[in-house]
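Scroll down for the structure; my scribbles are underneath it.
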Amino acid sequence: MPELPEVETIVSDLRPQVQGRQITGVRSLSPEIWELPADVDGCSLILGTRVVAVQRRGKLIVIGLDNGWHLLIHLRMTGQLLLLPPAPAPRYARACFELDQSLALWFCDVRRFGRITVTSDLNTALGRLGPEPLSAQFDASFLARRLHFARRSIKSALLDQSVAAGIGNIYADEALFVARIHPATRACSLTGEQFQELAAAIKATLQCAINNRGTTVANYVDANGNPGHHQYALNVYRREGKPCPICETPIQRSRIAGRSSYFCPRCQPHNEAARAMPPEHRQRSTCQC
DNA sequence: AACCTCACCTGCGGGC
DNA sequence: TGCCCGCAGGTGAGGT
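Given below as structure tokens:
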């Protein structure tokens, strides 16, 4: 599912091919995916404009247009953004942005969860998002301050886009494994050292996945239709019953924060158990990148 | 205010 | 073979 590394891969692929190009046609094949402000005609607003920027914020794709408006695309679960000829329409095509030189940006989405919107006020549109996890602003002291009173699980907190913009189920589980923190641990019970390890683990996990061009477990492909490689580097996600790469204990799955959560019961004990654990078992796990 | 549950969709795989 | 059911998980609305 597209999380930060997948969206980053798509955006970095699109940028050199789309920036500077004119949008010569807009086709809406599934009107329900558009979320437009009242009295705004999205298609006519976009038509004829030139793309001045292709960026990412959290899991959102932000396409800047030369009329001052921005096209925002969220892939949600199964959305894809593909650079293809303007015809024929690929499977599950929901919208098409035709560009000059016989190229088109196709938005495809089996489940129609994805959303497209336009805005002239980017700050308001992105206002609810927390910091970028790969930015300097996102560190242990930010997490400690932000989660000081949070009694919910750390897994739930990491999925909250106002805590960190761009983390989803896969990378929450992977980062918690690297930081050796059980996903059901209360966020406010983490120690300063654990916040340090978690912030570092989130950055390392996301950067490793970007280097691997994202994780393909079901629908994700890049802008050219190719799968990512990070599924081969996953430590715990969707590995229930398989040996932990550190200690070989079978990976467990349980439902935490309403999501399937994968963890090693030995490397990621609850805080109480961790304090009782002998030091030789507290070995550090590393990214497989 | 903080947090949880559910609806939104469709394809796929397992069980029978 | 074919049917049915559960599951996948990002987000926001609505409830506690």
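Our numbering applies: residue 3 is where the first sequence begins, and numbers increase by one. Beta carbons: idealized from backbone N, C-alpha and C, even for Gly. Since this is a predicted model, take the numbers as computed values, not measurements.
Taking DSSP as the reference, what is the three-state secondary structure of residue i?
{"i": "C45", "result": "helix"}
{"i": "Q290", "result": "Bear in mind that the predicted position of Q290 carries a pLDDT of just 47, short of 50, making it unreliable; the figure below should be weighed with that in mind. Three-state DSSP puts Q290 in coil, outside helix and strand."}
{"i": "Y173", "result": "helix"}
{"i": "I25", "result": "strand"}
{"i": "R268", "result": "coil"}
{"i": "H232", "result": "helix"}
{"i": "S262", "result": "strand"}
{"i": "A146", "result": "helix"}
{"i": "I156", "result": "helix"}
{"i": "T121", "result": "strand"}
{"i": "L86", "result": "strand"}
{"i": "M3", "result": "coil"}
{"i": "I248", "result": "coil"}
{"i": "S191", "result": "helix"}
Measuring only the C-alpha atoms, how far is residue i from residue j?
{"i": "S32", "j": "P271", "result": "46 angstroms"}
{"i": "R261", "j": "E37", "result": "26 angstroms"}
{"i": "R58", "j": "L6", "result": "8 angstroms"}
{"i": "A138", "j": "T207", "result": "16 angstroms"}
{"i": "I75", "j": "K61", "result": "9 angstroms"}
{"i": "Q198", "j": "V9", "result": "26 angstroms"}
{"i": "L16", "j": "A202", "result": "29 angstroms"}
{"i": "R241", "j": "I253", "result": "6 angstroms"}
{"i": "R284", "j": "G230", "result": "Residue confidence for R284 is low, a pLDDT of 45 falling below 50, so the modelled location carries little weight; the figure read from the coordinates is stated next. Spanning the two alpha carbons is a distance of roughly 32 angstroms."}
{"i": "G44", "j": "C246", "result": "49 angstroms"}
{"i": "Q82", "j": "K157", "result": "26 angstroms"}
{"i": "C190", "j": "L105", "result": "50 angstroms"}
{"i": "V28", "j": "P92", "result": "15 angstroms"}
{"i": "I183", "j": "R257", "result": "16 angstroms"}
{"i": "Q209", "j": "L136", "result": "8 angstroms"}
{"i": "L84", "j": "D68", "result": "22 angstroms"}
{"i": "I48", "j": "L145", "result": "39 angstroms"}
{"i": "T51", "j": "R153", "result": "47 angstroms"}
Kindly indicate which residue of the options has the alpha-carbon position closest to the one of residue i.
{"i": "V54", "options": "Q24, G44, R261", "result": "Q24"}
{"i": "V13", "options": "C45, L49, L77, D41", "result": "L77"}
{"i": "Q103", "options": "R117, T26, S155", "result": "T26"}
{"i": "F109", "options": "P245, S263, S30, C249", "result": "S30"}
{"i": "C269", "options": "D175, R257, H232", "result": "D175"}
{"i": "N228", "options": "T126, Y234, T218", "result": "T218"}
{"i": "F140", "options": "F115, N125, A166", "result": "A166"}
{"i": "I172", "options": "G116, L131, Q233", "result": "Q233"}
Got a sec, what are the start and stop residues for the beta strand (DSSP E) residue i sits in?
{"i": "E100", "result": "95–101"}
{"i": "Q163", "result": "Here Q163 belongs to no beta strand (DSSP E), and DSSP marks it neither H nor E."}
{"i": "I75", "result": "72–76"}
{"i": "F109", "result": "105–111"}
{"i": "A40", "result": "Per DSSP, A40 belongs to no beta strand (DSSP E) and is neither H nor E."}
What residue range does the alpha helix (DSSP H) around residue i cover?
{"i": "T207", "result": "194–213"}
{"i": "Q139", "result": "No alpha helix (DSSP H) contains Q139, which DSSP labels as neither H nor E."}
{"i": "R17", "result": "6–20"}
Give every residue of the same chain whose Cβ lies closer than 6 angstroms to the Cβ of residue i, excluding the five residues on either side of it in the sequence, and list them in chain order.
{"i": "R96", "result": "L31, S32, I35, F109, D111"}
{"i": "A142", "result": "F197, Q198, A201"}
{"i": "T80", "result": "D111, V112, R113, N221"}
{"i": "T11", "result": "R215, G216, D224"}
{"i": "I212", "result": "P7, E10"}
Could you check if residue i belongs to the surroundings of the ligand MN, using beta carbon to heavy atom distance under 7 angstroms?
{"i": "Q24", "result": "In the structure shown, the ligand MN is absent, as is every other ligand, since no ligand is present at all."}
Give every residue of the same chain whose Cβ lies closer than 8 angstroms to the Cβ of residue i, excluding the five residues on either side of it in the sequence, and list them in chain order.
{"i": "T288", "result": "A caution first: T288 carries a pLDDT of 46, below 50, which makes its placement in the model unreliable, though a value can still be read off. So the qualifying residues of the chain are V180."}
Ignore the nearest five residues each way along the sequence and tell me which others in residue i's own chain have a CB closer than 7 angstroms to its CB.
{"i": "K205", "result": "P135, L136"}
{"i": "P185", "result": "S155, I156, K157, D175, L178, I258, S263, F265"}
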